[in-house]
Amino acid sequence: MITLSNVKKSFGDNHVLRGVDLEIARGTSMVIIGGSGTGKSVALKCVLGLVTPDSGVIMVDGQDAAKAERDAFLARFGMLFQGGALFDSLPVWQNVAFRLMRGALKRPKDEAREIAIEKLRRVGLKADVADRLPAELSGGMQKRVGLARAIAAEPEIIFFDEPTTGLDPIMSGVINDLIREIVVEMGATAMTITHDMSSVRAIADHVAMLHDGVIQWTGPVGDMDNAGDPYLDQFIHGRANGPIESVR
Amino acid sequence: MSLLLNPLAVLGAATLGMLAALGRISIYGFSTLRHMFRRPFYVKELGIALMQVGWLSLPVVGLTAIFTGGALALQIYAGGARFNAEAVVPQIVAIGMVRELGPVLVGLMIAARVTSSIAAEIATMKVTEQIDALVTLSTHPMQYLTVPRVLAGLICVPILVGVGDIIGILGGYAVATGTLGFNASTYIVNTVDFLELRDVFSSLAKGAVFGVIATLMGCYYGMNSGRGAQGVGAATKGSVEAAAILILAANFVLTGVFFSV
Ligand SMILES: Nc1ncnc2c1ncn2[C@@H]1O[C@H](COP(=O)(O)OP(=O)(O)OP(=O)(O)O)[C@@H](O)[C@H]1O
Ligand SMILES: [Mg+2]
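Chains as they are written, first to last, in the numbering used here: chain A, 1 to 248; chain B, 1001 to 1261.
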């Protein structure tokens, strides 16, 4: 279970998170939606400790994230970065197997490579990309390699920052199914950011909408359409007119 | 306007800024030192860094040294002729190269070649969130990126300086014997007899210090890069400036330490 209580973060005058409260139960899938630039990525990074919140408490399974022993804490997480964040000096398979080749989870090279190729297959990539460098792949392919890396060590908690952005509709479907599968079959806890409403419906158990630095609405995905929240309503129907300004 | 009207304030602010930066760099240096003794140790990264810092720098170092040694021989010959001291060419080339020009020029070439590339690489990694990704994969950027590079600087640059010293002396030798009419074997005997162990030791010690400065500046400025392409550019520029100035300052201090008594 992940709990954010009154988390605040500003960059100078830019008050991005103004008191975020959110709860994600173990083994469920939370999807965070919200306008571009509202701080969704920053919120994920706060949980991981990549960004230090100005105030507020983040608990993971009853343990304060800020005080946890870093290595053990991070070993439970997998993260897909919005931009992929692949190591461009390493070939694709070594990116995917990064965690399996060093540290506590280290295993023989052949085995790590095999796992990497299997994970690549699960994100719809053929074995022949394994030896290429990230820069030689298309944007969508890089995204999927990042996804394979995030799930390679089979973490308990996985964060996906826009997993389907830049993918064709078929590939989006494959990735949505994969995320669902990871949650249902492996019992992982997932937190996904997406702008794609069909992804939201396919992936989410619960949805939270971030707006103006706070969670504007949160609830089960089934309640989303009849929630009666004007902000949520405008967002999920993609209307230009409504309480959310279109210039931000 | 204030820049023109109040030069003292500007100077003061710049000095304070520089001192603060030196403080941060020192903290970063100590932290690097601490992480050197922590597990895991990334052997493969060290191998790559040794290759980048050491082996691939050899051509640049060799060319710099050979031309400098040659020019030095010409200058000393022409200058020495003013008081009938042309014969000291081998001794002065040797001492000039080994004590001063070898370490300083190699250090500056390393700052140009290695510091800039380390800073640009790490800054790009920072800007594209690769450093964040490293952290989430339970890998400490200090241990994975900084320690191997700084160790490579510590190990390789003294060797490069040694090579530079020898090639510089050979450059002087080539010019002296080829065009200035020196006897080949006397030149070598004079050089070897004249150099003291202390000269060689100080040369290599300077190399080690400059190697650490050059690599550490690359890592520090890369890790603290701002956002975007502009951030990478600023980090690269800052790292080379800082490395070059610190190398020259350290050279002054070390020369004082080694040769004042
Ligand atoms: N390291 C940083 N330094 C300064 N400002 C930052 C930093 N990271 C994020 N911001 C700012 O925080 C705000 C939120 O950024 P964030 O990346 O979380 O948006 P987002 O909700 O993920 O948007 P998108 O859907 O477009 O990815 C933006 O205004 C951004 O400029
Ligand atoms: Mg984002």
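Every residue, glycine too, gets a C-beta built ideally from N, C-alpha and C.
Using the three-state DSSP reduction, which class does residue i fall into: helix, strand or coil?
i, result
"MET209(A)", "strand"
"GLU23(A)", "strand"
"HIS237(A)", "helix"
"MET82(A)", "A small fix is needed here, since residue 82(A) is Gln in this sequence, not Met. Correct three-state label for GLN82(A): coil."
"LEU1195(B)", "coil"
"PRO220(A)", "strand"
"VAL51(A)", "coil"
"LYS143(A)", "helix"
"HIS15(A)", "strand"
"MET1109(B)", "helix"
"THR1248(B)", "For clarity, residue 1248(B) is Leu in the given sequence; the question names Thr instead. In this structure, LEU1248(B) counts as helix in the three-state DSSP scheme."
"LYS251(A)", "Here chain A comprises residues numbered 1 to 248, so residue 251(A) is not present and cannot be evaluated."
"ALA130(A)", "coil"
"ILE244(A)", "coil"
"GLY1171(B)", "helix"
"MET101(A)", "coil"
"GLY56(A)", "strand"
"MET186(A)", "helix"
"THR3(A)", "strand"
"VAL1053(B)", "helix"
"ASP110(A)", "helix"
Which whole-angstrom value describes the C-beta separation of residue i and residue j, a residue pair presumed to lie in contact below a C-beta threshold of 8 Å?
i, j, result
"ARG76(A)", "GLU156(A)", "5 Å"
"GLY238(A)", "GLY146(A)", "About 26 Å separates the two Cβ atoms, so there is no contact after all."
"LEU258(A)", "VAL42(A)", "Residue numbering for chain A in the displayed model covers 1 to 248; residue 258(A) lies beyond these limits and cannot be assessed."
"ARG70(A)", "PRO1040(B)", "Their Cβ separation, rounded to whole angstroms, is 14 Å, which puts ARG70(A) and PRO1040(B) out of contact at 8 Å."
"ALA1243(B)", "ALA1123(B)", "With a Cβ gap of about 14 Å, ALA1243(B) and ALA1123(B) do not count as contacting."
"TYR1028(B)", "TYR1220(B)", "5 Å"
"GLY1153(B)", "VAL1053(B)", "6 Å"
Please name the residue in the options whose C-alpha comes closest to that of residue i.
i, options, result
"LYS1206(B)", "VAL1161(B), LEU1011(B) and ILE1076(B)", "VAL1161(B)"
"VAL47(A)", "VAL60(A), SER36(A) and THR38(A)", "VAL60(A)"
"ARG132(A)", "GLU111(A), ASN95(A), ARG121(A) and ALA153(A)", "ASN95(A)"
"VAL1098(B)", "LEU1011(B), LEU1072(B), LEU1246(B) and GLY1054(B)", "LEU1072(B)"
"GLY34(A)", "GLN216(A), SER89(A) and ALA204(A)", "GLN216(A)"
"ALA208(A)", "GLN234(A), VAL221(A) and SER199(A)", "VAL221(A)"
"LEU1056(B)", "CYS1156(B), GLY1226(B) and CYS1219(B)", "CYS1156(B)"
"ALA130(A)", "ALA227(A), ALA72(A) and ILE117(A)", "ILE117(A)"
"PRO134(A)", "LYS45(A), TRP93(A) and GLY12(A)", "TRP93(A)"
"GLN63(A)", "GLU136(A), PRO53(A) and THR3(A)", "THR3(A)"
"HIS206(A)", "SER198(A), MET197(A), GLY213(A) and MET224(A)", "MET224(A)"
"GLY1271(B)", "VAL1089(B), GLY1029(B), ASN1084(B) and ALA1243(B)", "The requested residue 1271(B) is not part of the displayed model; chain B covers only 1001 to 1261."
"HIS1035(B)", "PHE1182(B), LEU1151(B) and PHE1258(B)", "LEU1151(B)"
"LYS143(A)", "GLY173(A), LEU86(A) and PRO169(A)", "LEU86(A)"
"PHE1210(B)", "GLY1062(B), ARG1113(B), LEU1008(B) and LEU1108(B)", "LEU1108(B)"
"ASP172(A)", "VAL200(A), MET186(A) and ARG99(A)", "Sequence inspection shows Ser at residue 172(A); the Asp mentioned does not correspond to that position. When each option's Cα is compared against that of SER172(A), the closest is VAL200(A)."
"ASP1132(B)", "LEU74(A), ALA97(A), LEU22(A) and ALA68(A)", "LEU74(A)"
"THR1139(B)", "LYS40(A), LEU105(A), GLU245(A) and SER246(A)", "LEU105(A)"
"VAL1093(B)", "THR1136(B), THR1068(B) and LEU1248(B)", "THR1068(B)"
"ALA72(A)", "ALA1009(B), GLY1181(B), VAL1192(B) and LEU1137(B)", "LEU1137(B)"
"ALA112(A)", "GLY27(A), ASP128(A) and ALA153(A)", "ALA153(A)"
"ALA1249(B)", "LEU1022(B), VAL1053(B) and THR1128(B)", "LEU1022(B)"
"GLY1106(B)", "PRO1059(B), ARG1082(B) and ALA1085(B)", "Gly is not the amino acid found at residue 1106(B); the sequence shown has Val there. Of the listed residues, the one whose Cα sits closest to VAL1106(B) is PRO1059(B)."
Excluding the 5 residues preceding and the 5 following residue i in the sequence, name in chain order all residues of the same chain whose CB lies nearer than 7 Å to its CB.
i, result
"LEU1134(B)", "PRO1141 and TYR1144"
"ILE151(A)", "GLY78, LYS119, ILE158 and ILE182"
"ILE203(A)", "SER29, VAL31, ASN176, ILE179, ARG180 and THR192"
"VAL1147(B)", "THR1032, HIS1035 and MET1036"
"GLY124(A)", "ARG144, MET171 and VAL174"
Can you list, in chain order, the residues of its chain whose CB lies under 6 Å from that of residue i, leaving out five sequence neighbours each side?
i, result
"GLY1102(B)", "VAL1161, GLY1164, ASP1165, GLY1168 and SER1203"
"ASP229(A)", "TRP217"
"GLY1228(B)", "none"
"GLY1218(B)", "THR1115, ILE1118, ALA1119 and SER1239"
"LEU1246(B)", "ILE1213"
"PHE160(A)", "LEU80 and THR192"
"GLN82(A)", "SER41, ASP161 and GLU162"
Less than 8 Å between C-beta atoms, sequence neighbours within five positions excluded: which residues of the same chain meet that for residue i?
i, result
"THR1095(B)", "Rather than Thr, the amino acid found at residue 1095(B) in this sequence is Ile. Counting only Cβ-Cβ distances below 8 Å, and skipping sequence neighbours, we find PHE1194, LEU1195 and ASP1199."
"ALA1234(B)", "SER1225 and GLY1226"
"PRO167(A)", "In the sequence under discussion, the amino acid at residue 167(A) is Leu, which differs from the Pro named in the question. Taken in chain order, the residues that qualify are GLY140, LYS143, ARG144 and ILE175."
"ASP88(A)", "LEU133, PRO134 and ALA135"
Using a C-beta to C-beta distance shorter than 9 Å, which residues of chain E count as neighbours of residue i?
i, result
"PHE87(A)", "Structure shown: chain E not included; protein chains present are A and B."
For this session: Please list the residues of the region 89–107 of chain A that have a C-beta atom closer than 7 Å to any C-beta atom in chain B, keeping them in chain order.
Result: For the region 89–107 of chain A, the set of residues with a beta-carbon nearer than 7 Å to any beta-carbon of chain B comprises PHE98, ARG99, ARG102 and GLY103, in chain order.
Exercise. Looking at chain B, which residues of the region 71–82 of chain A have a Cβ within less than 7 Å of any of its Cβ atoms?
Worked result: Residues ASP71, LEU74, ALA75, PHE77, MET79 and PHE81.
Problem set entry | Residues of the region 16–37 of chain A whose Cβ lies closer than 7 Å to any Cβ of chain B, in chain order | Cβ contacts with chain B: none found.
Problem set entry | Interface residues of the region 1109–1139 of chain B facing chain A [CB-CB below 9 Å] | From the region 1109–1139 of chain B, only GLU1121, THR1124, MET1125, THR1128, GLU1129, GLN1130, ILE1131, ASP1132, ALA1133, LEU1134, VAL1135, THR1136, LEU1137, SER1138 and THR1139 have a Cβ closer than 9 Å to chain A.
For this session: Identify each residue in the region 153–181 of chain A for which the Cβ-Cβ distance to at least one residue of chain B is less than 9 Å, and report them in chain order.
Result: Answer set for the region 153–181 of chain A: ALA153 and PHE159.
Exercise. Residues in the region 1026–1049 of chain B with C-beta within 9 Å of chain A's C-beta atoms, listed in sequence order?
Worked result: Within the region 1026–1049 of chain B, the qualifying residues are PRO1040, TYR1042 and ILE1048.
Exercise. The region 46–59 of chain A: which residues have C-beta closer than 7 Å to a C-beta of chain B, in chain order?
Worked result: Answer set for the region 46–59 of chain A: LEU48 and LEU50.
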